[in-house]
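Below: one structure, written as C-alpha cells.
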Amino acid sequence: MLICIDAKCCAEPYLGQSVETGTIYASDFMESVQKSGDDEDESGIRHVVVSQVLEIGIISHSIITGLLLGVSQSPCTIRPLLGALSFHQFFEGFALGGCISQAKFGNLHSTVMACFFVVTAPLGAWRGAS
Numbered sequence: 036m037l038i039c040i041d042a043k044c045c046a047e048p049y050l051g052q053s054v055e056t057g058t059i060y061a062s063d064f065m066e067s068v069q070k071s072g073d074d075e076d077e078s079g080i081r082h083v084v085v086s087q088v089l090e091i092g093i094i095s096h097s098i099i100t101g102l103l104l105g106v107s108q109s110p111c112t113i114r115p116l117l118g119a120l121s122f123h124q125f126f127e128g129f130a131l132g133g134c135i136s137q138a139k140f141g142n143l144h145s146t147v148m149a150c151f152f153v154v155t156a157p158l159g160a161w162r163g164a165s
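Heads up: the sequence shown at position 77 corresponds to 112 in the working numbering, and the numbers run straight through without jumps.
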C-alpha cells in the first residue's frame, strides 16, 4: 500500500495499488526499514558471487601470465616482466582480499582462495618453463 502525503498526487492509484492520503508515522517507516533486511541478504550473496568470479578471473589470468613468464628466454624480457607481474599481483591481491572480506567467508574458504591466488602464477611459470 502506498501512503501519499499530498492529496493531489493521489488522484489515481499507482500501478493498481490502493493509495491512502495522510501522514507517514514512525511505525510505517520502521516497517519499511525492517523489510529492507532482505536487501542485506542479497548484498551478501552479491559479494560472494563477485569474489568468486574475481577469483576465477585472477586465477586464469595468473596462469596465462605465468606461462608467458616461463616461456620467455631472454633476461631482458624476464626482468621487466617479473617486475610488472609482481606489482600487478600485489594490487590484484588487495582487490581479492577486499572482496573476500566483504563476502565474509569463513577462515577455511578464505585460506583456500588465498592459496589458489598465491600458487597459480608460479605454477604457470613452472609449466611454461618445462
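Here a beta-carbon is modelled for each residue, glycine too, at the ideal position from N, C-alpha and C. Computed from a predicted structure; not experimentally measured.
Please tell me whether residue i has its Cβ less than 9 Å away from any Cβ of chain B.
| i | result |
| --- | --- |
| R162 | Checking the listed chains, one finds no chain B in this structure; it contains a single protein chain. |
Between residue i and residue j, how many whole angstroms is the CB-CB distance? I'm expecting something under 8 Å.
| i | j | result |
| --- | --- | --- |
| G105 | A149 | With 8 Å as the limit, G105 and A149 do not qualify as a contact, their Cβ atoms being about 22 Å apart. |
| H82 | A138 | 4 Å |
| G128 | F151 | Contact doesn't hold; Cβ gap of about 12 Å is too wide. |
| Q108 | A156 | So it is not a contact: roughly 19 Å between Cβ atoms. |
Compute the Euclidean distance between the alpha carbons of residue i and residue j, then round it to the nearest angstrom.
| i | j | result |
| --- | --- | --- |
| V84 | I91 | 11 Å |
| R162 | T100 | 11 Å |
| S165 | I98 | 14 Å |
| I80 | V154 | 26 Å |
| Q87 | L116 | 27 Å |
| I94 | P110 | 25 Å |
| L103 | E77 | 39 Å |
According to DSSP, is residue i helix, strand or coil?
| i | result |
| --- | --- |
| F140 | coil |
| S165 | coil |
| S107 | coil |
| I59 | Low local confidence applies: a pLDDT of 47 at I59 is under 50, so the model's placement there is unreliable, with the coordinate-based value given in what follows. Reduced to three states, the DSSP call for I59 is coil. |
Is any heavy atom in the ligand NAP found nearer than 8 Å to the beta carbon of residue i?
| i | result |
| --- | --- |
| S121 | In the structure shown, the ligand NAP is absent, as is every other ligand, since no ligand is present at all. |
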